[in-house]
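Peer 1:
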Amino acid sequence: MREHNQVLVLGLIQRCSPITRPELGRRSGLTKASITRIVQELVSQDLVSEVPAQGTSAGGRPATGLRMRAGVLASVGVELRIDRCAVLLRDLSGVELGRWEGRMVPGTDPVQVLSEVGQRIQALRRDCPHHVVGVGVSVGGAATDDGQGIAASLYLGWKDVDVARLLAPYLPGVPLRVLDVSRCAAQASFEYLSYQAGQQGDQLPDRSELVHLQCGIGLGAGCPGGWDTSLPPRESSLPVGHIPLDPSGPLCETCGWNGCVDSVLGFTALMRRTEDLRVSPSQDPRYMEDYCRQVAAVAADGDRRAAGVLAALADDLARAVVMIALLARPSRMTIGGWPVYLGPDFVEEVGRRVRAHQDCGSLSISVGELGDDASLVGASMIGADVGVLARLTDQAS
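Quick note, the sequence shown lines up with residues 512 to 908 if you use my numbering.
Next comes the structure, spelled out in structure tokens:
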């Protein structure tokens, strides 16, 4: 119960900062004495700091707010996708401290890739005084049940990869958790929505209400998880990428079926549909963003072919969203990845088509503001959660 209450209070501070002690009590339902004790514990762990807040306290003194302490603790996010390998170092207050991105070559030996990742983490930490508390790893594939490795990745051609062991020399003693790309992106999307609500003084969203769809080379859906790291990673993932969507669709080289979600809506399919528009991808790790912005610009200039492609994409994406919505029954869905860069009108059109379905009329659909960065940022958030929980557990023992 003690750790549960600490996590509850810390989550409110993350999303509603700067937040006063009375407001913490109101939102959490905990007593004044409990709030006082928990805040003291969090301050002693270098997790929280006091800052001036608006208004005055009950005794007429200037009000004091609480926020995540900056400049002391950090987490690492690692992303392993078919098209990109990335490392993000992030202060627990949410400030980015450094990153590295490179193109991934499918089939590359995982030992070689994770050795490069480890060296990049060390390079980012070299000029950073922060203490790293945890690591989150986002993978284009399935994580092992213990969250310490990769069970299998059809995209990368990897199987039974012990990520924790391979990164341990570069991060000795630092707790780690591996989750799939969509689950990490869902975490980032949920935290972003929660922060927006907290800053506006609104009620915070419930994790069970949201499903996030991340679109890249492949597609995956996920639900934001909580702090309970004992739950298997698959509990919050919806691996929809190879569900058949259109029997007459193109052959998927990964699963061997025609018309699965990935083959119809993956970024490779988008490029195939737009090849007549004379748009060329760059060699930058963020090539998806650049390519989609070019396609959107061609359509905005009145090109009928581009407009037709976007209409067909919106229709196919809407069918995938309806399928996920009927399976998971969320009240809200966010979409991240390449659709974000086709512009707000595209996502709005997807939402309009989804709500035309009789069972999805009330479903709220919005853009995941982090776009293609969602899974990397989400991995760093999960690393922070794992590290903070370990820190609180050590304190209790």
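We put the beta carbon where it would ideally sit given N, CA and C, even for glycine.
Check each candidate in L687, A585, G668, V772 and name the one with the smallest Cα separation from R676.
Peer 2: R676 has its Cα closest to that of L687, out of L687, A585, G668, V772.
Peer 1: So which of V888, A811, L715, V583 has the shortest CA-CA distance to S560?
Peer 2: Of the listed residues, the one whose Cα sits closest to S560 is V583.
Peer 1: Under 9 Å, do G540 and G894 count as touching if we go by C-beta distance?
Peer 2: Cβ distance not < 9 Å, so G540 and G894 don't count as in contact.
Peer 1: Are H641 and A679 close, meaning C-beta to C-beta below 9 Å?
Peer 2: Against a cut-off of 9 Å, the Cβ pair of A679 and H641 comes out as no contact.
Peer 1: Out of Q633, T845, T655, which one is the CA nearest neighbour of L682?
Peer 2: Comparing Cα positions, the closest option is Q633.
Peer 1: What number of angstroms, rounded off, separates the C-alpha of D826 from the C-alpha of R864?
Peer 2: Distance between the alpha carbons of D826 and R864: 7 Å.
Peer 1: May I have the straight-line CA-CA distance separating P744 from D856, to the nearest angstrom?
Peer 2: Whole-angstrom Cα-Cα distance: 34 Å.
Peer 1: What would DSSP say about R843, mapped onto helix, strand or coil?
Peer 2: Strand, per DSSP.
Peer 1: Going by DSSP, which residues form a beta bridge with T531?
Peer 2: T531 pairs with G576.
Peer 1: Would you say R843 and L665 are within 9 Å of each other, going by their C-beta atoms?
Peer 2: No; because the gap between Cβ atoms is not below 9 Å, this pair is not in contact.
Peer 1: According to DSSP, is W849 part of a helix, a strand, or is it coil?
Peer 2: Reduced to three states, the DSSP call for W849 is helix.
Peer 1: May I have the straight-line CA-CA distance separating V520 from R532, to the nearest angstrom?
Peer 2: Using only the alpha carbons, I get a separation of about 10 Å.
Peer 1: Do the segment 804-812 and the segment 786-796 meet, that is, are 3 or more Cβ pairs less than 8 Å apart?
Peer 2: Counting Cβ pairs under 8 Å, three or more are found: they touch.
Peer 1: Could you check if C726 is buried or exposed, using at least 16 other CB atoms within 10 Å of its CB as the buried criterion?
Peer 2: Buried is the call here.
Peer 1: Can the beta-carbon of C763 be found less than 9 Å from the beta-carbon of G889?
Peer 2: The answer is no: Cβ separation not under 9 Å.
Peer 1: Hey, how far is the Cα of L874 from the Cα of G684?
Peer 2: Their Cα atoms are separated by approximately 43 Å.
Peer 1: Count the other CB atoms, across all protein chains shown, that sit within 10 Å of the CB of E514; report buried if there are 16 or more and exposed otherwise.
Peer 2: The residue in question, E514, is exposed, as its Cβ has fewer than 16 Cβ neighbours within 10 Å.
Peer 1: For C763, which of helix, strand or coil comes out of DSSP?
Peer 2: Here C763 sits in coil by DSSP.
Peer 1: Where in the segment 667-743 do unbroken runs of the alpha helix (DSSP H), each at least 4 residues long, occur, reported from the N-terminal end onward?
Peer 2: As far as the segment 667-743 is concerned, its whole alpha helix (DSSP H) runs of at least 4 residues are 674-678, 692-710.
Peer 1: V643: which of G618, G588, I661, W669 sits nearest, CA to CA?
Peer 2: For the residues G618, G588, I661, W669, the minimum Cα distance to V643 belongs to G588.
Peer 1: Consult DSSP for D884 and reduce its assignment to one of helix, strand or coil.
Peer 2: It is helical.
Peer 1: Do you know how far the Cα of G712 is from the Cα of D896?
Peer 2: Cα-Cα distance, rounded: 23 Å.
Peer 1: What are the start and end residues of the alpha helix (DSSP H) that includes S793?
Peer 2: Where S793 is concerned, there is no enclosing alpha helix (DSSP H), given that its DSSP letter is neither H nor E.
Peer 1: Decide if E590 is buried, meaning its Cβ has at least 16 other Cβ atoms within 10 Å, or exposed.
Peer 2: E590 comes out buried.
Peer 1: For the beta strand (DSSP E) containing S877, name the first residue and the last one.
Peer 2: Here the beta strand (DSSP E) through S877 covers 875-878.
Peer 1: On the CB-based measure, 16 or more other CB atoms within 10 Å of its CB, does A811 come out buried or exposed?
Peer 2: Burial call: exposed.
Peer 1: By how many angstroms is the C-alpha of G813 removed from the C-alpha of V616?
Peer 2: Approximately 37 Å, taken between the alpha carbons.
Peer 1: Once you ignore the five residues that flank G605 on each side, which residues in its own chain have a CB closer than 6 Å to its CB?
Peer 2: Answer for G605: no residue qualifies.
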